[in-house]
Structure formats: structure tokens, C-alpha cells
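Protein chains in written order, with my numbering: chain A, 5 to 289; chain B, 66 to 607.
Now the structure itself:
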């Protein structure tokens, strides 16, 4: 395992012979972003099609409670965060399918309940607040080897998942009833998608933090919408924007001495602005 | 009480008396009026036109106007009374009135029978009525001859009215001549001159305007053609390039062979309004593809649909009508298995469709798409057609199938267009194309022509003629547009949370049923806008 990582670092040394890439923590941060941001961006395309931006935000915030629970129970918060995020994602999806309430209402109820629970836990345990900082704002510079390996595994999982189910997910995002007639098993697709989103969101929290994690899913997909003409280009542009803003954000944060996660999101936002300008200048057909 | 002078009353009474005497005077000696009995509607119309306002003539018809030809008519006691009291019996002849003969003579030995078709040059041909085709009056030229026969008979029976009969007959004949000229002019433009008729009603008219009847669907009325006869007819239609099938609205329209796109533009539309949406030709019996029994759908404790029984027949167009909130879309969703229900929905498959679950095509009422969605029409086809994820591109097979079905729907140029930027009509065409590609057994259309332009409605008609050609699937369409329903649907299911009525279109869309569905104020009326649809309007005003 360790050898895989050291191999990757050696490769990065050859490819990026720059001052910013020299320290090991910078290589880790770069690797973390190159593993999570494209996965998040790829999921972001159907996520935006499904209008689930709020959903990913709710999962991100449930991580806050997951971390609090982990610290409270003395377990590694990285894993309680994942477990709790997955739990909330599945719960929201199941409840959404069984009520007449609109999905944003259901998400709103879960969102506030979960965050309130997190705050209640923290307020009881006075010493917790400091430990939460890393999760709220993200700390890619302190990412561990285990987390990197988990991110790599997740990237493979997301790739396989999308290769297998992307068409059905997108069809479902266009029209549920129509997708059903085309043989899409809606509950299975919905729950699996929510689950994969929850896994990626909780992994991406390590890089940009709870407050900004939705940006990694939504902004590249939104930028892709500005310029993509078809479903294929939308996904590849989204992934490209994510990788580019990951690298650009890290480099910029090195020279500007700013928070890495936030700088990455700003870089993604800059990509969005450029594509929006490109779109505005293009004559509309 | 007002005081009335006595003399005044006497004067009034005598004036009245004299008036009655004067009125009766012309027929002095025959105080009884001339009683003319006509056999069926055309004879009645001819006779009434000749009689006009001539006094002392009573015209009575034997068959109610709603009945067509008196082919298999059986006399009732009431008819026998009419015969017994009549002086003159105006019939078509040539065997049209099979019931003429012994019973009539026995009921009234003195009755004079006028066979008006006597002077028409007969067309011979096998028919249940006998050797001679009796449908002479359909041709206006023959009608003129028959009217003259009626005039002659009336004048002989009542010489005093002769001048009046002559005047009325002349006026009527000039109208019939104008009609004949109109037919001739209309027929001049026909390029293909072979037609198929429902039964041999149009033979004389066809002779007049130079059109050849190459086939009949029911040689004997009411006797359904066998599979072999239908096959032969289909071949005839194909080989002789028949552009039109002439139908009769009072008979079932289900069993017309439709191999040839029978809504051809050069066809004989002006002659008959019913161009006929047409059914399958898979055999002599029509199979149900879908049977719904006692279907009930509850949502939130409310019964949205209760106790629905309905059938979809193979290859037929069934319309689902009803007011807003009647549960039409819910019924579609139940068929699609998308809402829980109690009761039964059975799919039955004809052997030719192969085994397995039936394919159900569904074109939703609206496909809410954000205009920015980076999904092209080709992507849309690829999403449901190929295993390869769409972000790796569309396979060649997908691309070819998509292009082909888009071409069939007339929108091949939209292949690379973004789905969200299509107009309502274009999106409908794309959805139709997608439905066609999958060759469904049952196609469900939710409001196919709502919010679509005239061209879109034309597509709908083209689409129906495609059904005629392929005759593969049953079509269930939800529509508010009753003109679409009456023109294209074979069967109608009327819903208002429960089944209001169902059956053949012509039988079901009665004012009573419409009232039961839409409330008593509902009525069918025509809009004045260009495409002139009939719409149903309920109090909701949609």
C-alpha cells in the first residue's frame, strides 16, 4: 500500500519539478484533490440534472454531526463521518419516495435536524470545537495515507458505478415516469446514487471542508453546462474543470498563502466565470 | 269576463266554417288526403321535396331516419298499419326492400307500389339484395330519374296536384344536377381512380364520376370478412394502388385493411368525410392486448379511480377522455405499473408478438426539461438504447436507429440538437420517434396534441397512418380534443373517476354520456381558430 503512494509521489516529482510540489504535504494535497475532485465533478453532472445540489449540501452538513459523534464515542471521526453521511443519504431517499412532500422539504427537515444534533453534541463536550476546524474548512495538507488510499479506491468505485449506471441515472434525471417505462428500476438507482454521492462527499470534505464540499460537485458541472453541447462533453468538461481547479488552487494557495480548500473552490468559480463569459459571447441558436 | 257581442261570435264561426269548406274544396269527392308511405330515408326526402306544400298529401316514412338501408328490415305491426292505410308506397326497388311483396299486398291489396329505380340503368354484381345493385340513389343522376318517377306517380294518383308536383320536382332536380356537376368537378383532380368501399353502396356514384370499385370489405352487410378475404383485399389494395377506402359512419370501422397509407392526399376526401383510422389485419378476430378489470387506485385515502373495466384491442386506437382530474393520467400510470392499484391489469399477447412482457411505449404529457441540459436528441436515444455509458459516445447502431426513426417522424435534422431547446412540436416528434424505434406492443400517449402546432397535429395523423401500415400495436391516447377522438379513435373510454362509458367511438360520444362526464352544461362546439377543432368545454373552462 505504502509503495503505491510512494510510487505516485515519485511520479509527481518527475512531472512537477516545481518548488510548490517539493514538500511531501503538497504532494499529498495535490494527490487528494486529483483523486476526489474529478470523482465529485463526474457525479455532479447527473446530480445537477437531478436538481440534487441541496441534497449534497445536506450530506456535507451531516458529516459535521458524524464527526462530532466520532469524537464523542472515541472512534476515528473519518469513519463515523462516512457512516453517518451514508445513513442520512439513504434515509432522505427512502422518506422522499414515501411522502407527498417535495424533496427539498424533506431534505430541509433532515438537514436542520442533523445539524442541530451535531451542535447539541458539541455544546456538551466543551473540548470538541478545535477538532472540528479541520472538517469545517478542509485540510488537504494534513491528509493521511489511509485517507489517500480510500480516495483512490473511491475513484475506482465511482468510475465503475458511472460506467455501469450513468445512462439510467441521466434518464431518471430527465423524467422519472419515462425512465420507468424504459426499464429503469427507480428505487435501486436512486438509492445507489445517493449512496455513492454520500461516499464521495464525505471523502471530499478532507480537501475543501464541510462548508464548501457542495462546490466540488456543483461548480464544475455548472461550468460544463455553459459550454457542453452533449452528454459526453458535459461529463469530460466537468472532470477537466475539477482537475484544473484542483491543481490551480493548490499552486495559488502556495504562492498566496491562503487556505488550500477555499482557493481550490475559488479556482473552480473562476472556471465557471470564464465558461459563462464564453457562453454569453457565443451567438444563441 | 268581457262581454262579447252575439253577432260577432256568429260571424267568426261562419268565417271559420267557410274557410274549412274552401280548404277541402279542391279535393272534393276525395275528402280523404292522399297517403304516401315511403320505405326509407332517401325515398322520404325525395317524396317530401316533390310534394312540397301541395295540400291534401300526407307523407309517412316506414323506417326511422336513423336506420340505414332497409336490408334486413322486418315489418312490425305498426308498419302493417301504415301500409294498410296508405294509397301509394314509394320504394327504391331493385330488391332494396326485401320485405315488399306478399305481406304488403296482403295488408293492403289496393296499394300502388312505385319502384322508383325502374328507369335506372342497373349495375349487376353479387350482393345479398339480389343480382342488381340496389344503391341507385347515391348517384345524383339516378336520384333525378327516381324523383321524376315519384312525380309521375303522385300526379297520376292526384291529378289536381300535378302542376305543383312538377314545379317542386323541377326545383329539386336542378339542385340535384348542381350536385352531380360538383361531384364531376371534384373527381376530375383524382390521379388514382381505384377505390375500396365498405359495401357496394358507391357503385353508381363511382360509375358517374369514373372511379373504379376494386374491392368491398363486407360484401354482405354485417357479415364480417374472413381472414382470407381480408388478405385478398389487402393484396388488391396494394397491387392496384388504391388511395382511398370509402367507409360508412354507421358501420364499424375496425376491420379495414390498411396497407397503403390510406389518407392519401389525392384521395376522394370530398366524397366522404370519414377517411377512417384503421385497425389491424392480423386475422379475422381482434385480440385484446390489455384487459383491465375492477381497477381501483387510492391515493391518500381518496379513490382516484374506482372499479374500472376496460379493454384495449389489438391494433386499435382507443381514446381516453374525461374532464380534468378524472384520473386519465393515473390510469396510464397504473398500466405502466407506476402507481399501486387493486384489481387486475392483464396483458395478452398475440403469438406473432413473441413471448415475454409486452413493450409499452409512453409519451408523457410534458417532459419538463431545463433548456440548458447538455443532452442532445442523439444522447436521449442513446440513454435508453445502449449499454455503453453515454459519456463514451453513442454507438453506431444507436446513431443509425435514431436517425432512421427520426426520419420516419420527419425530424432527422434534430439529431444533434439540444433536447431542452426543442419546441413543443419538435419534442413531440422526437418522443414519437423514440416510441417508434422500440416497436412497442402498446403505446400510451398522454395529450399528444396539446400545446402542439398544426404541423404537430398533422404528424399525429401521419403517425396514425403508420399504425395502419405496421398494424402492430394498440394505441391508448388521452385527449381533450374531441375532434381528434372522433376522427382517429376506434374505441373510447370515458372516465370520471369511475367508468362513465366505453365502446365504439360513434356509439359512445352521445350528449348523455358527455353530460355524465363533464356535467350538464358540457357541449361540443367548434372554435373559430384556423385549425377548427372541436373541444369539450366544462365549467372549468379549459
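Think of the CB as a built atom: it goes at the ideal place given N, C-alpha and C, for glycine as much as any other residue. Fair warning: this is a prediction, and the values are worked out from it, not measured in the lab.
Just the C-alpha distance for residue i and residue j, rounded to the nearest angstrom, thanks.
i, j, result
"residue 1/A", "residue 75/A", "Nothing about residue 1/A can be reported from this structure: the residues present for chain A run from 5 to 289 only."
"residue 8/A", "residue 57/A", "34 Å"
"residue 126/A", "residue 72/A", "7 Å"
"residue 15/A", "residue 250/A", "18 Å"
"residue 154/B", "residue 549/B", "43 Å"
"residue 278/A", "residue 224/A", "12 Å"
"residue 491/B", "residue 499/B", "12 Å"
"residue 617/B", "residue 185/B", "Residue 617/B is absent from the model: chain B starts at 66 and stops at 607."
"residue 473/B", "residue 271/B", "34 Å"
"residue 450/B", "residue 463/B", "7 Å"
"residue 81/A", "residue 469/B", "56 Å"
"residue 121/A", "residue 454/B", "40 Å"
"residue 439/B", "residue 94/A", "28 Å"
"residue 102/A", "residue 96/A", "10 Å"
"residue 19/A", "residue 113/A", "47 Å"
"residue 107/B", "residue 202/B", "7 Å"
"residue 322/B", "residue 297/B", "Model confidence at residue 322/B stands at a pLDDT of 40, short of 50, so the residue's coordinates are unreliable and nothing is read from them."
"residue 554/B", "residue 542/B", "9 Å"
"residue 255/A", "residue 226/A", "23 Å"
"residue 52/A", "residue 60/A", "10 Å"
"residue 489/B", "residue 213/A", "43 Å"
"residue 158/A", "residue 200/A", "9 Å"
"residue 3/A", "residue 177/A", "Since the first and last residues shown for chain A are 5 and 289, residue 3/A lies out of range."
If you compare alpha carbons, which of the options is closest to residue i?
i, options, result
"residue 502/B", "257/B, 554/B and 446/B", "446/B"
"residue 41/A", "136/A, 9/A, 127/A and 272/A", "272/A"
"residue 156/B", "122/B, 270/B, 118/B and 208/B", "208/B"
"residue 107/A", "163/A, 198/A and 184/A", "198/A"
"residue 200/B", "105/B, 383/B and 582/B", "105/B"
"residue 354/B", "580/B, 505/B, 100/B and 568/B", "505/B"
"residue 149/B", "174/B, 128/B, 161/B and 162/B", "174/B"
"residue 237/B", "160/B, 112/B and 127/B", "112/B"
"residue 387/B", "227/B, 471/B, 478/B and 558/B", "558/B"
"residue 191/A", "266/A, 129/A, 100/A and 86/A", "100/A"
"residue 62/A", "215/A, 153/A, 158/A and 283/A", "215/A"
"residue 193/A", "165/A, 255/A and 87/A", "165/A"
"residue 262/B", "310/B, 219/B and 244/B", "310/B"
"residue 460/B", "471/B, 401/B, 580/B and 443/B", "443/B"
"residue 70/A", "242/A, 202/A and 254/A", "202/A"
"residue 228/B", "428/B, 120/B and 574/B", "120/B"
One question on the structure: do residue i and residue j come within less than 9 Å of each other, judged by their Cβ atoms?
i, j, result
"residue 275/B", "residue 302/B", "no"
"residue 264/A", "residue 149/A", "no"
"residue 65/A", "residue 115/A", "yes"
"residue 155/A", "residue 45/A", "no"
"residue 407/B", "residue 363/B", "yes"
"residue 268/A", "residue 211/A", "yes"
"residue 195/A", "residue 98/A", "yes"
"residue 361/B", "residue 371/B", "yes"
"residue 67/A", "residue 206/A", "yes"
"residue 241/B", "residue 187/B", "no"
Mind pulling the chain A residues with CB within less than 7 Å of residue i?
i, result
"residue 454/B", "166, 167, 170 and 171"
"residue 539/B", "Near residue 539/B there are no residues of chain A at all, since even the closest Cβ is about 15 Å away, more than 7 Å."
"residue 449/B", "175 and 186"
"residue 444/B", "234 and 235"
"residue 458/B", "236"
"residue 429/B", "179, 181 and 182"
With a threshold of 8 Å (Cβ to nearest heavy atom), would residue i be considered close to the ligand NAD?
i, result
"residue 208/A", "As for the ligand NAD, it is missing from this structure, which has no ligand bound."
If the cut is a Cβ gap below 8 Å, which residues of chain A does residue i touch?
i, result
"residue 425/B", "185"
"residue 613/B", "There is no way to answer for residue 613/B, as the model of chain B reaches only from 66 to 607."
"residue 398/B", "181"
So which residues on chain B does residue i lean against when the C-beta distance must stay under 7 Å?
i, result
"residue 53/A", "438"
"residue 239/A", "456"
Name, please, each residue of chain A whose Cβ falls closer than 9 Å to the Cβ of residue i.
i, result
"residue 441/B", "233, 234 and 235"
"residue 392/B", "Within 9 Å Cβ-Cβ: nothing; residue 392/B doesn't reach chain A, min ~16 Å."
"residue 432/B", "178, 179 and 182"
Cβ closer than 9 Å: which chain B residues qualify as neighbours of residue i?
i, result
"residue 228/A", "439"
In chain B, what lies closer than 8 Å to residue i by C-beta?
i, result
"residue 47/A", "Residues of chain B passing the Cβ test: none, with the nearest at roughly 12 Å."
Every unbroken alpha helix (DSSP H) inside the segment 459-490 of chain B [4 residues or more]: 461-473
Every unbroken beta strand (DSSP E) within the segment 220-274 of chain B, with a cutoff of 3 residues, ordered by chain: 259-262
Inside the segment 125-179 of chain A only - alpha helix (DSSP H) runs reaching at least 4 residues: 133-141 and 149-178
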